[in-house]
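Below: one structure, written as C-alpha cells.
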Amino acid sequence: MRLDRSFFYRDALTVAPDLLGKALVRKDKERISSHTISEVEVYLGIEDQASHARFGKTARNAVMFDQGGLVYVYLIYGMHWMLNFVTGQNDQPQAILIRGITGFEGPGKITRALRIDHSFYGENLATSERIWVENRNLKPEITRVPRFGIDYAGEPWKSMPWRYIMAPPPRNS
DNA sequence: AGCAAGATCGGT
DNA sequence: CCGATCTTGCTG
324 MRLDRSFFYR DALTVAPDLL GKALVRKDKE RISSHTISEV EVYLGIEDQA SHARFGKTAR
384 NAVMFDQGGL VYVYLIYGMH WMLNFVTGQN DQPQAILIRG ITGFEGPGKI TRALRIDHSF
444 YGENLATSER IWVENRNLKP EITRVPRFGI DYAGEPWKSM PWRYIMAPPP RNS
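If you want the working numbering, it's the 1-based position in the first sequence plus 323.
Structure follows, in C-alpha cells:
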C-alpha cells in the first residue's frame, strides 16, 4: 500500500535506508509501472555543501524547505531531470535523490524511462495520481558509501556515507 | 548582463 | 575522455 506523508516527515538519514526495497509507482495514462528502489542519496540541511540548499532558499530549491512527502525535480547539464523526495520538517531543507531502481541504474535514466520532468515539481507523494511509493515488506541488506560526483563540496561533506545501496540479491549455492 | 559550473549520460 | 545542452546563482 501507498506510503502516507508521515513516512517522509522523518529525518532523511532515517528515511533513506527505509526507502530501499520500496516500490516506486508511476501511472501514466492508465499504464502503471512499479520498480523497486535500489539506490538513494541524502542531501541534508543548509550546511551540507553538496546540497542545493547551501545557498539558502531560492526559486529552484524552495520545495526542499517544505515538509516531507513532496517531489523535488531539477534539470542538470541541460538535459537530465533528477528525481528527489523531500523529507523532514518545515524549514529543514532535506532531499533524497533517487539514483537507482531495478532496471534503471542512474538518476537520469529513471526520469527518462518514467517520463518525469519539471511538471512533477512539488507533487505530493501521498495524494498524487501519477507518482507514489508503496510498501513491499522487504528487508534488504544495505550498504552505505560516500555520495557520487560531489567533490566540489569538500570535506567533510564529500566523504559522508550518505549514499545507500541495496545489497545485491543473495546467491544460491 | 555575462559567465562558469553542474547531484549525468552515451559515444569515441 | 569528451561533448551535449541550458538553468542557476554569482559577480560586476
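All C-beta atoms in this analysis are idealised placements derived from N, C-alpha and C, irrespective of residue type, glycine included.
Review point. CB Thr410 to CB Phe471, shorter than 8 Å?
Key: Start at 1 with the first residue of the first sequence, and residue 410 comes out as number 87. Start at 1 with the first residue of the first sequence, and residue 471 comes out as number 148. Thr410 places its beta carbon 8 Å or farther from that of Phe471.
Exercise for review: Count the CB pairs spanning the region 446-464 and the region 338-346 that are closer than 8 Å, and state whether there are at least three.
Suggested key: The answer is yes - the region 338-346 touches the region 446-464, with three or more Cβ pairs under 8 Å.
Check your understanding: So which of Glu364, Val396 and Asn413 has the shortest CA-CA distance to Phe388?
Key -> In the first sequence, residue 388 corresponds to position 65, counting from 1. Ranking the options by Cα distance to Phe388, first place goes to Asn413.
Check your understanding: What is the C-beta distance between Ile421 and Pro430, in whole angstroms, given that I count them as a contact (C-beta under 8 Å)?
Key -> Your numbering for residue 421 matches position 98 in the first sequence. Your numbering for residue 430 matches position 107 in the first sequence. The C-beta distance from Ile421 to Pro430 rounds to 6 Å, short enough to meet the 8 Å contact threshold.
Check your understanding: Taking the alpha carbon of Ala339 as the point to measure from, which residue in Ser357, Met324, Val363 and Arg328 has its own alpha carbon closest?
Key -> Counting from one through the first sequence, the residue named residue 339 turns up at place 16. Nearest C-alpha to Ala339 among Ser357, Met324, Val363 and Arg328: Val363.
Review point. Mind checking Leu398: buried by the 16 CB within 10 Å criterion, or exposed?
Key: Position 75 of the first sequence holds residue 398. Its Cβ having fewer than 16 others within 10 Å, Leu398 is exposed.
Practice item. Name the residue from Gln417, Thr381, Leu406 and Arg333 whose alpha carbon lies nearest to the alpha carbon of Phe427. Key: In the first sequence, residue 427 corresponds to position 104, counting from 1. It is Leu406.
Exercise for review: From the DSSP output, in three-state form, read off Met324 for me.
Suggested key: By 1-based counting over the first sequence, the position of residue 324 is 1. Met324 falls in the coil class under three-state DSSP.
Review point. How big is the Cα-Cα spacing for Met402 and Lys432?
Key: The sequence position of residue 402 within the first sequence is 79, counting from 1. The sequence position of residue 432 within the first sequence is 109, counting from 1. Going by C-alpha positions, Met402 is about 11 Å away from Lys432.
Check your understanding: Mapping DSSP to helix, strand and coil, what is Leu398?
Key -> In the first sequence, the residue the question calls residue 398 occupies position 75. Leu398 carries a strand assignment under DSSP once its states are collapsed to helix, strand and coil.
Practice item. Look up Ala436 in the DSSP assignment and say whether it is helix, strand or coil. Key: Residue mapping note: residue 436 aligns to position 113 of the first sequence, counting from 1. Looking at Ala436 - three-state DSSP - the assignment turns out to be helix.
**Study point:** Start and end residues, beta strand (DSSP E) containing Ala418
**Key:** Position 95 of the first sequence holds residue 418. Counting along the chain, the unbroken beta strand (DSSP E) around Ala418 starts and ends at Gln417 to Ile424.
Point to revise | Nearest neighbour of Arg383, chosen from Val365, Ala418, Ala335 and Glu353 [CA to CA] | key: Along the first sequence, read from residue 1 onward, the residue named residue 383 stands at position 60. Per the Cα distances, Ala418.
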